[in-house]
Ligand SMILES: C[S@@+](CC[C@H](N)C(=O)[O-])C[C@H]1O[C@@H](n2cnc3c(N)ncnc32)[C@H](O)[C@@H]1O
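In the working numbering, the protein residues as written are 2 to 189.
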């Protein structure tokens with residue numbers, strides 16, 4: 002099932018989590034005994050269905066119409082136990098309340114990570130974790146890229162700095178996949 006979605010994503014150039022990133026996520030889900038997940042960035046449902054296959058219940062945001070249609074097809078085909086709920090909205094514009102989660106997985110527009118973190122950590126359980134993907138941006142160097150990418154690189158750096166300096170969370174960065182982090186609330 003997952004290999005079919007992965008094949009589809011590769012064929013249609015949809016960016017999905019790397020194999021190493023997914024293994025990292027799977028290990029974290031088991032280590033931290035994660036059940037309820039909020040994902041920001043469904044794309045075609047690959048990581049959401051993977052997390053469901055590890056036993057999680059996943060609410061997942063996607064704003065792009067084409068991705069939403071394709072994710073719905075994949076969920077209809079593969080989410081037999083109805084563990085994944087697609088929220089077809091821009092996560093930054095969504096105004097309804099959500100339930101609470103053990104894990105918030107941020108894998109969406111890189112320039113907005115701080116806004117996602119600020120907006121959604123109120124739904125994180127006391128002992129929950131936030132995992133962010135794409136923090137190394139394929140190890141690109143500012144001097145070798147165009148202006149737009151350079152701005153993105155700067156925003157990623159600013160976000161990493163924001164996490165490092167955060168008064169309420171401890172964050173560890175991992176050189177896995179496209180660069181991942183785990184943030185956990187500081188003990189009071
Ligand atoms: C890297 S892909 C997600 C890959 C997916 N998590 C996986 O590994 O299978 C990022 C997705 O986030 C979506 N996205 C970006 N910003 C968003 C936002 N503000 N709200 C909802 N979805 C967003 C994009 O449309 C894109 O499909």
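Backbone N, C-alpha and C fix where the C-beta goes; we use that ideal spot for every residue, glycine too.
For the candidate residues the options, whose alpha-carbon lies nearest to that of residue i?
i	options	result
residue 89	74, 62, 96, 82	62
residue 132	46, 181, 47, 54	181
residue 128	175, 152, 30	30
residue 134	28, 42, 100, 4	42
residue 36	58, 54, 76, 65	58
residue 65	92, 81, 116, 80	92
Would you give the residue range spanned by the alpha helix (DSSP H) that residue i belongs to?
i	result
residue 54	47-54
residue 64	Premise fails: residue 64 is in no alpha helix (DSSP H) and is neither H nor E.
residue 158	148-166
residue 10	3-12
residue 118	114-121
Mapping DSSP to helix, strand and coil, what is residue i?
i	result
residue 77	helix
residue 98	coil
residue 87	strand
residue 30	helix
residue 23	helix
residue 182	strand
residue 18	coil
Which two residues bound the contiguous beta strand (DSSP E) that contains residue i?
i	result
residue 172	170-175
residue 130	125-133
residue 39	37-41
Quick one: measure Cβ to Cβ for residue i and residue j, integer angstroms, because I've assumed they're closer than 8 Å.
i	j	result
residue 85	residue 44	In fact, because the Cβ distance is near 13 Å, the residues do not count as touching under 8 Å.
residue 47	residue 27	That pair is no contact at about 13 Å.
residue 60	residue 39	5 Å
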